[in-house]
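In full-length UniProt numbering, the protein residues as written are 1 to 453. Written out below as structure tokens is the structure these notes cover.
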């Protein structure tokens, strides 16, 4: 029934959702489905969703409503909702608003082919049970980008931050076997991938018997020295000296750490159940910078958490000034039903949240701009990713510190090459420069660079 049918997928939210979509496509390919990027030709439309903030859910509901026009043209079209939002809003999506034919949670993707077949026969289906063991470690993801790959090394979270729905939508922590991850990275290396990002809600909690995340990171880094290794996300409470040393010891583990702080106020951190205080976080930042010279740090910030005062807000601003992050993901607080914070009420007025968020954004953009201005005149190694979004005459890539670099196209350079770029201009978000050397491989001592005039 599935042979030759086309599947279209849209993904919202984090990198873990992108990785999950590739797992879903891997499963569906085994059952005869082919991927299409033309929604009008699809027999199955899948939307992989995010529930972290209300705005993300409203966007998806609006998008699902827009699919009704395709349904009118093709009555047997199957629309499916996957991921965190599927688990949270299952009955609303199928029964109340009739926006989906199937709803499948993050731990039930193996059932997707059967659920889709049932939907073709006119039967709607829900599968949202959370698992204590599912890691999809035997599934080969269907990847469409030949430069960078994501690998989910663990699923779920046991932290239960009071604002977060993840433990309820993705379940408890469980890790993939180290050996299976190593084999997948070896396969990606053989296929010519240049960068792998290891994913988990809290990668620092990774465990496979006696192996911890530092052991996994070290094992992966040794597979291919020309492959960059990234990871996200780290919880500040669990970042060990061993892990920091491992990053410092391997030249192909990127000098970039995303370290969510959420607030600069100890009172708010306690209400969030973050399990660390401001001093612990600042001490950790100092240790990281001492052990990994030139490291780039980014973070997450929530503005307007329940009961947050102006003094709490000012503590967050002062932490930004003290740490001087290279970048940050900044949001106003969004109450999520079922979390502990939801029970605290949403007492900070929206206009106050917006004002505080804008102050945080303005300060962080100023800091990012100053940091990037300081890079003008320097030479940085860049992995070429593809064309710049703004001009087909320019390439874009990233430094190992995760900074976006834009530079003119030259015939000798292609995506997947390593190059050296001299920075001549910078904004808060982007570096601009000219190619001075083409390395092709990473800048190891044995490479013989080619100069570009």
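Cβ atoms here follow ideal geometry from the backbone N, Cα and C, with glycine treated the same way. As the structure is a computational prediction, the values presented were derived from the model and not from experiment.
Look at the segment 300 to 374 and you find these whole runs of beta strand (DSSP E), each 3 residues long or longer: 327 to 332. Residue pairing by DSSP puts residue 296 in a beta bridge opposite 256. Contact check for residue 197 and residue 15: beta-carbon distance about 7 Å, within the 8 Å limit, so the pair qualifies. Annotated three-state conformation of residue 214 is helix, per DSSP. Around the CB of residue 20, 16 or more other CB atoms lie within 10 Å, so the residue is classed as buried.
In the three-state reduction of the DSSP assignment, residue 26 falls in the helix class. At the C-beta level, residue 234 and residue 259 come within 8 Å of one another. At a cut-off of 3 residues, the continuous stretches assigned as beta strand (DSSP E) that sit fully inside the UniProt domain "MTTase N-terminal" (5 to 121) are 6 to 11, 44 to 49, 78 to 83, 102 to 104. Within the segment 124 to 192, the complete alpha helix (DSSP H) segments at least 4 residues long are 166 to 169, 178 to 190, listed from N- to C-terminus. For the set 405, 144, 286, the Cα lying nearest the Cα of residue 23 is the one of 144.
Between the segment 349 to 362 and the segment 68 to 87, the count of Cβ pairs shorter than 8 Å is below three; the stretches do not touch. Nearest Cα to residue 175 within the set 163, 305, 136, 167: 136. Listed as beta-bridge partners of residue 262 by DSSP are 301.
Among the bridge pairs identified by DSSP, residue 394 is matched with 408. Between residue 94 and residue 46 the beta-carbon gap is near 15 Å, outside 8 Å, which marks them as no contact. Residue 246: member of the alpha helix (DSSP H) spanning 241 to 249, first to last residue.
Counting along the chain, the unbroken alpha helix (DSSP H) around residue 278 starts and ends at 278 to 291.
Counting only the Cα atoms, residue 123 lies some 56 Å from residue 292. In this structure, the alpha-carbon of residue 391 lies about 27 Å from that of residue 254. As DSSP reads the structure, residue 380 sits in a beta bridge with 421.
Ranking 413, 373, 147 by CA distance to the CA of residue 424 puts 373 first. In the same chain as residue 112, and ignoring 5 residues on each side of it, the C-beta atoms closer than 7 Å to its own belong to 24, 27, 28, 104, in chain order. Under the three-state reduction of DSSP, residue 426 is assigned to strand. Note: residue 385 is not bridge-paired with any residue in the DSSP secondary-structure output. Judged by DSSP secondary structure, residue 228 falls within the beta strand (DSSP E) whose first and last residues are 228 to 232.
The C-beta of residue 54 has fewer than 16 other C-beta atoms within 10 Å across all chains shown, which makes the residue exposed. For residue 312, the closest of 189, 345, 262 by C-alpha to C-alpha distance is 262.
Residue 309 sits exposed, since fewer than 16 C-beta atoms from the chains shown fall within 10 Å of its C-beta. The beta carbon of residue 212 sits closer than 6 Å to none of the beta carbons in its chain outside the five residues before and after it. Taking the Cα positions, residue 216 is about 6 Å away from residue 178.
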